[in-house]
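J.:
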Amino acid sequence: MQTLQEEVSIEMRKRRTFAIISHPDAGKTTLTEKLLLFGGAIREAGSVKGRKANRHATSDWMEIEKQRGISVTSTVLQFTYRDCHINILDTPGHEDFSEDTYRTLTAADSVVMLIDAAKGVEPQTIKLFEVCRMRGIPIFTFMNKLDRQGKEPLDLLEELENILGIRSCPMNWPIGMGSDFKGVFNRQEQCLERYVGRNEKPEKIAVSDVEDAHLTELLGEQAHEKLQEDILLLDIAGDPFDFDRVRAGQLTPVFFGSAIANFGVETFLNQFIDLAPLPGPRQTDQGQMDPVTTPFSGFVFKIQANMNPAHRDRVAFIRICTGKFERGMNVHHVRTGKKTSLSQPQQFFAQDRAIVETAYPGDIIGIFDPGTFQIGDTLCEKGNFQFEKLPLFSPEHFARVTVKDTMKHKQFHKGLEQLAQEGAVQVFRIANRTEDIVLGAVGQLQFEVFEHRLQAEYGAKVELYRLPYQFARWIAESDLASLYYDRSSCLTVKDLHDRYVMLFPDEYSLRFVTDKNPEVVFHPTSYGL
Ligand code: G4P
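Numbering-wise, the sequence shown is residues 1 to 529 according to the UniProt record's numbering.
(1) Rounded to the nearest angstrom, how far is the Cβ of residue 416 from that of residue 437, given a contact under 8 Å?
(2) Starting from the N-terminal side, write out each stretch of the beta strand (DSSP E) that is 3 residues or longer and does not extend beyond the stretch 329–400.
(3) Report back the beta-carbon spacing between residue 141 and residue 253 to the nearest angstrom; my notes put them in contact at under 8 Å.
(4) Quick check on residue 298: does DSSP put it in helix, strand or coil?
(5) Count the other CB atoms, across all protein chains shown, that sit within 10 Å of the CB of residue 82; report buried if there are 16 or more and exposed otherwise.
(6) In whole angstroms, give me the CA-to-CA distance for residue 230 and residue 152.
(7) Taking the beta carbon of residue 432 as the centre, do at least 16 other beta carbons fall within 10 Å, making it buried, or is it exposed?
(8) Leaving out five residues before and five after residue 377 in sequence, what residues of the same chain have Cβ atoms less than 6 Å from its Cβ?
(9) Could you tell me the boundaries of the alpha helix (DSSP H) in which residue 270 lies?
(10) If contacts are defined as beta-carbon pairs under 8 Å, then residue 88 and residue 76 qualify, I think. What distance do you get, rounded to the angstrom?
(11) Of the residues 373, 116, 128, which one's Cα is nearest the Cα of residue 147?
(12) What separation, rounded to the nearest whole angstrom, lies between the Cα atoms of residue 516 and residue 503?
(13) By Cβ distance, which residues of its chain are closer than 7 Å to residue 404, with the 5 residues on each side in sequence left out?
(14) How about residue 145: is its Cβ closer than 7 Å to a heavy atom in the ligand G4P?
(15) From residue 67 to residue 356, what distance separates their C-alpha atoms?
(16) Go ahead and label residue 224 buried or exposed: buried means 16 or more other beta carbons lie within 10 angstroms of its beta carbon, across all protein chains shown.
(17) For residue 46, which residues of its own chain have a beta-carbon under 6 Å away from its beta-carbon, when the five flanking residues on both sides are left out?
(18) Taking 7 Å as the cut-off, is the C-beta of residue 509 nearer than that to any heavy atom in the ligand G4P?
(19) Evaluate the contact criterion for the stretch 154–166 versus the stretch 272–289: three or more CB pairs, one atom per stretch, below 8 Å.
(20) Taking the alpha carbon of residue 31 as the point to measure from, which residue in 144, 290, 435, 440 has its own alpha carbon closest?
(21) Please classify residue 466 as buried or exposed, where buried requires at least 16 other C-beta atoms within 10 Å of its C-beta.
(22) Have a look at residue 374 and residue 497 and give me their C-alpha separation to the nearest angstrom.
(23) Starting from residue 478 and walking both ways along the alpha helix (DSSP H), at which residues does that stretch end?
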C-alpha cells in the first residue's frame, strides 16, 4: 500500500509549474498555443486571426478562448504531457498588465522568458525579469521568430548579459535566419534539427560532432563553416551547462526556434520538462516547509473578482506548496486564526473548469471567496505558519482619489480598504495628511477596475486626479530625517502598513536622489521591509 507521503512525492515529481514572461508581441500567445497542442489540450492551432482588433480590451487568453471556443481562465492552464502535469501561469501583458502579473510569478517554480529575436530584450521583459531575479526563480529562454531576419544570435546573448545581467548557455544554435534559416544544431544531442517548412516536423539528423563532413553536404560549405566557428566560440568562451547555476537563477539555458512555424517548440518542451525544477521547499516564518512531509498548505497569490453584477463572486487562487489537497477539507486560515472549509475548489484545464477532488504541490486551485481572503494569506491543514508575505511592487501610475458624494464617505473607505487588501490597487496616504489618499497601480486598467468596483459594489462614485509620478521606492523611517531631496518634485507617502515610500516623477529625479543619498537603500518593492 502506498503511503500518503509516497503518493505526494510521486505526484509532486510530475508537476512543472511555470510562467511565460515576455514583452507584448514577442509571441507568447502563439507559443502557449503550440505547447497546448503538444499536450493535446487543443486539437488545432494556426495563426489566431483577428486577435489584434480586440487586444486593448481583453487578455490574450480570453482571446484564445473566443477564437478556439475553449474555456481558459486568465490565471492558469493545465495540461498533461509525457506523464507530467504542466501548469502554465498567465502573466497578462498589454493593457491588462497589472500587479497581478508580478504576483503570479511568486506562484511559479520557473519561468520561460520569450524574446523576439529581431527586437532583443524589451522593457516589459526587463521588469518581469527583475521580479524573477529577486526571487531567484530559474529562467529558461526561448529566442523566437528565427524564421524572420533578426539580430545576430551572439548579440542576443550579449543583451542577456549586459541588460539583464544573466549568463546564458545556448542549448541549440541557429543556422541562418529569415529566408536562410536552415535549422538548429542541438548541442546536447549533437544533431542537426533541420527546418523543412512551417508546421513541418523538423528533420533530426545525427552527426558525430559539429565538424562532421555530412553537415557540409546538408548545409553548404559557408553555413557549415560559420556553424563550426560559432560552436567553437561557445565551447571556449561560453558558459558550460550547470544545473546548480540554472536552479539558482544565475544561468539561463537558451533555445532558438520559431513558435509560429512550430520549430524547436517540441525539443524545447522536452528539455524543459527534464530540466525545470519541481515544486521545492518554500520559506515560512517557521523555516522551510518540505513539500512532501508537511501536510497540505498553500498561499493566496491572486484574487479575481467577477465584474458581472449578476455574479459578484470572487475566486481566490491558491498555490499548493505542501501535502495533498482534498476537496472539502477543513484548513486553518492563519491570518484570521479561523477554520475554513475548502468545499468548491476548481481547477483549470485547458478545455474545462472542473471541480477538483485532489491536488498536489505545484498545482493551483481556485476557491470561492466570500470576502475573507487577502493576497498572501496562508492556509494549512496542520500547524500555524505563514509563507513569505507577498511584496508590494513599485506602481507606475498614481492618482489622488476623492469620493464625489461625501455622504458615501463610509462606503468609500470600506471599499478602499477591501480592494487594497485584495490587491486591486495600492493605497497610500500622504504623510501627515491622512485624508489625502493616493492610489498606485502597475497597469492603467487597475484604476478603471477600481473605479468601477467602488461604484458597483460599494455605491461610492469617485474622482481620480492623475499625479505625475512614475516610480515608488520604499525607505526605512530612520533614513527619512536626513534624506536630501527636492520637495517640489518628489512626494513622501505611507503605505497601508505605515511604511514610508517616496514617489518620483521620472528616472532623472530618482537617480538624482539616489546619487545624493548613497547610504540610503531605496527598495523597488516592499520586500524585506
Ligand atoms: P504576444 O502574445 O506575445 O503578444 O504575441 P502573439 O503570439 O500574439 O504574436 C505576435 C505576432 O508575432 C503575431 O503576428 C504572431 O503571428 C507573430 N509571431 C509569433 N511567433 C512568431 C514566429 O515564430 N515567427 C514569426 N515570423 N512571427 C511570429 P500578428 O501579425 O500580430 O498576427 P497574425 O496576423 O500573424 O495572427
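Here a beta-carbon is modelled for each residue, glycine too, at the ideal position from N, C-alpha and C. All figures in this text were calculated on a predicted structure; none of them were measured in a lab.
T.: Well, looking at it:
(1) Yes, residue 416 and residue 437 are in contact; Cβ-Cβ is about 7 Å, under 8 Å.
(2) List check, beta strand (DSSP E) in window: 330–333, 338–341, 346–348, 353–355, 364–369, 378–380.
(3) Rounded to whole angstroms, the Cβ separation of residue 141 and residue 253 is 7 Å, and the two are in contact under 8 Å.
(4) For residue 298, the secondary structure class from DSSP, reduced to helix, strand or coil, is strand.
(5) Exposed.
(6) In a straight line, the C-alpha of residue 230 is about 11 Å away from that of residue 152.
(7) It counts as exposed.
(8) For residue 377, where only same-chain residues beyond five positions count, the Cβ hits under 6 Å are 300, 335.
(9) Where residue 270 is concerned, the enclosing alpha helix (DSSP H) stretches over 265–275.
(10) For a cut-off of 8 Å, the C-beta gap from residue 88 to residue 76 is around 7 Å, short enough to register as a contact.
(11) When 373, 116, 128 are compared, the shortest CA-CA separation from residue 147 is found for 116.
(12) Approximately 16 Å between the Cα atoms of the pair.
(13) Taken in chain order, the residues that qualify are 461, 462, 463.
(14) Correct: residue 145 has its Cβ closer than 7 Å to the ligand G4P.
(15) Only weak support is given to the placement of residue 67: the predicted model assigns it a pLDDT of 46, under 50, and the value that follows is read from those uncertain coordinates. Roughly 26 Å between the two C-alpha positions.
(16) Its Cβ being crowded by 16 or more others within 10 Å, residue 224 is buried.
(17) Confidence is the limiting factor: at residue 46 the pLDDT is only 41, short of 50, which leaves the residue's position unreliable and the question unanswerable from this model.
(18) No, since every heavy atom of the ligand G4P falls outside the 7 Å radius drawn around the Cβ of residue 509.
(19) No, they do not touch.
(20) The residue with the shortest Cα to Cα distance from residue 31 is 144.
(21) Counting Cβ neighbours within 10 Å, residue 466 comes out exposed, since fewer than 16 surround it.
(22) Residue 374 and residue 497: Cα-Cα distance of roughly 14 Å.
(23) For residue 478, the uninterrupted alpha helix (DSSP H) run begins and ends at 477–480, by DSSP.
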